[in-house]
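*Asks:*
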Amino acid sequence: MTVSVKSQIIKLTTISAIVLASLTLSPLANAAFPFSTLKQEVPSLAPMLEEVTPAVVTIAVEGNKEVKASMDPFQYFFGNRRGAPQTQERPFKGMGSGVIIDKDKGYVVTNYHVINDADEIIVKLKDGREFVAKKLGGDKDSDIAVLKIDPDNLAEITIANSDKAKVGDFVVAIGNPFGLGQTVTSGIISAKGRSGLMGPNQGLEDFIQTDAAINSGNSGGALVNLKGELVGINTAIIAPSGGNVGIGFAIPSVMMNNLMEQIIEFGEVKRGVLGISGSNFDAEMAKSFGVDVAQGAFVAEVVADSSADKGGLKMGDIITHVDGNKIKSFDELRSKVASKGAGKKVELTAIRDGDEVNLTVTLGSADKPAITAENIHPSLKGAKLANGKTQRGEDGIEVTELNERSPAAMLGLEKGDVIVAVNRTRLTSVAALRDMLSEAKGVLALNVVRGNSSLYILIR
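Numbered per mature numbering (1 follows the signal peptide of the UniProt record, and there is no 0), the sequence shown spans residues -31 to -1, 1 to 429.
(1) Output needed for K410: all residues of its chain with C-beta closer than 6 Å, excluding positions within five of it in sequence on either side, in chain order.
(2) Is H82 helix, strand or coil when you go by DSSP?
(3) Under the three-state reduction of DSSP, which class applies to P221: helix, strand or coil?
(4) Once the 5 residues before and after A400 are set aside, which same chain residues still bring their CB inside 7 Å of it?
(5) Measure how close the beta-carbons of N294 and D132 come, nearest whole angstrom, since I'm counting them as under 8 Å.
(6) So, at 7 Å on beta carbons, what are the nonlocal neighbours of N392 in its own chain, with the 5 sequence-adjacent residues on each side left out?
(7) For a quick check, are the C-beta atoms of V68 and A191 less than 7 Å apart?
(8) Quick one: which unbroken alpha helix (DSSP H) runs of 4-plus residues sit fully inside the segment 365 to 413? Chain order, please.
(9) Once DSSP output is grouped into helix, strand and coil, what is the label at I69?
(10) Quick one: Cα of P60 to Cα of E31, how far?
(11) How big is the Cα-Cα spacing for A352 and M224?
(12) Report the three-state DSSP secondary structure of V260 (helix, strand or coil).
(13) Have a look at E99 and I340 and give me their C-alpha separation to the nearest angstrom.
(14) Which value, in whole angstroms, describes the spacing of the CA atoms of G156 and D364?
(15) What span of residues does the beta strand (DSSP E) with V238 cover, start to end?
(16) Can the beta-carbon of V115 be found closer than 7 Å to that of A102?
(17) From S188 to G162, what does the alpha carbon distance come to, in whole angstroms?
(18) Compute the beta-carbon to beta-carbon distance between D278 and G244, rounded to the nearest angstrom, for a pair I have assumed lies under 8 Å.
(19) When the Cα of V368 is compared with those of A342, Q360, P347, which residue comes out closest?
(20) Along the beta strand (DSSP E) that carries F147, what are the first and last residues, could you check?
(21) Run the CB neighbour count on S304, radius 10 Å, all protein chains shown included, and call it buried at 16 or more, exposed below.
(22) Helix, strand or coil: how does DSSP classify D278 here?
(23) On a CA-only basis, which of P376, G385, T22 is nearest N194? Give me that one, please.
(24) To which residues of the same chain is V306 closer than 6 Å at the C-beta, ignoring the five residues directly before and after it?
(25) Between I70, A273, L396, G280, which lies nearest to P120 when the distance is taken from Cα to Cα?
(26) Would the segment 310 to 324 and the segment 245 to 265 be scored as touching if the rule is three or more Cβ pairs under 8 Å?
(27) Quick check: the Cα distance between A1 and N227, rounded to an integer number of angstroms?
(28) If we ignore side chains and look at the alpha-carbon of each, how far apart do K297 and T289 end up?
(29) N416: buried (16+ other C-beta within 10 angstroms of its C-beta) or exposed?
(30) Using only the alpha-carbon positions, how far apart do G63 and S159 sit?
(31) Run through DSSP, which three-state label would S298 get?
(32) Which residue spans inside the segment 177 to 206 form an unbroken beta strand (DSSP E) run of at least 3?
(33) The alpha helix (DSSP H) that contains E20, what's its start and end?
(34) Note down the Cα distance separating P16 from F139, rounded to an integer number of angstroms.
(35) To the nearest whole angstrom, what separates the beta carbons of V260 and M284, a pair I think is in contact under 8 Å?
(36) Apart from the five residues on each side of it in sequence, which residues of its chain come closer than 8 Å, Cβ to Cβ, to L(-7)?
Structural data, given as structure tokens:
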């Protein structure tokens, strides 16, 4: 019986954690060597792990999740079937893992599905300390989320350039599988650029594949190289029998870093777009086009006035490299572009009429410019904010959308208001507002311009 690989993909949601073990060493036993050889120092990963493991944390979550309601048999036969509830909320608890990226600001990266729906998030350090974490934001499609804890003598991990990692490089996974406590496993990078694992259009996929042991419950864990640098965030496994079979997947550190920076600034990901449609370029197409390239992204259409059009891409181009790194498929191109972020420049190499061309394209935005204000401050829940201007032309933060019964509306905010200052400190962008509100304590006074008038709105 043939079993679809896609159906075997498991996101590590049950008891999320991080992974690691010891590196398999070549046998020292050899008849040619005297027994005294065994007294010599044996290669070990222990020194590296002593530096890295304090930056890997356990994440405990609690919350309520909507689930399909089971119907009471008595109600089914004698009650109103049409009026029966279809879903109900149930409390849940879970565990996952995360990685401290910035020890001074307390930024922790994990998987989105680890903290999704959580009302309370506790970050537990290796030394036993615990912190209540604030969710800065996350992205479901890429499965990345960023938390913030109060800095207090934290460790952090150095981010590697995953684009430079090669198949065959040794890697180590660190985490808390099955709630056992921090554990390490090791292996190699088995493949790069894996996509299409969750099915078509199921998210942004550009995975690193590894045979380092990753078991159910490892979400948000760290995949590091032998220098102790972060290569990826563990997120999924293929598990036909429910256990580890040596096929795990991690989000590359370059992709993670791009997404993290956007979440920290905006509270969400601002997807970059080229403005093209296309397909994977394979060996069969290569024969038809008479080119030696057998992998890449084929451009079937270029949208008029799009970023791709303005950057010089043309229908029929075969994109082979993004920022100097070879790509294998259109899905890989899509993931790299989307995670790069709107407004960023991307270097593309393409084959056109048998010749290689190099293009620089400034990415457009796939999303609305407004961000969810709740990710900046809980009192602003129900509002959408974007960089804007007052009627007098002053830069500020405009309320572009507002739920009339939300906490933000209860404060007194109205759609069209422009926030120009907080506690008399002038602000001109959403990023500046986020920084101000994250550091300010006590009562906050928002200076709001409404039409031609100005007023203060207090957040207590």
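Using N, Cα and C, we set each Cβ at its ideal position, and we do this for glycine too.
*Replies:* Taking the coordinates as given:
(1) none
(2) helix
(3) strand
(4) E234
(5) 5 Å
(6) A409, L413, A414
(7) yes
(8) 376 to 380, 399 to 408
(9) strand
(10) 7 Å
(11) 29 Å
(12) coil
(13) 30 Å
(14) 52 Å
(15) Per DSSP, V238 belongs to no beta strand (DSSP E) and is neither H nor E.
(16) no
(17) 19 Å
(18) 6 Å
(19) A342
(20) Unbroken run through F147: none, as it is neither H nor E.
(21) buried
(22) helix
(23) T22
(24) G241, L243
(25) I70
(26) yes
(27) Low confidence applies here, because A1 scores a pLDDT of 45, under 50, leaving its location unreliable and the question unanswered by this model.
(28) 7 Å
(29) buried
(30) 30 Å
(31) coil
(32) 191 to 194
(33) 15 to 21
(34) 16 Å
(35) Actually they do not touch by this definition, with Cβ atoms about 16 Å apart.
(36) For L(-7), the pLDDT reaches just 41, beneath the cut-off of 50, and the residue's location in the model is therefore unreliable, although a value from the coordinates is still provided. The residues are V11, P12.
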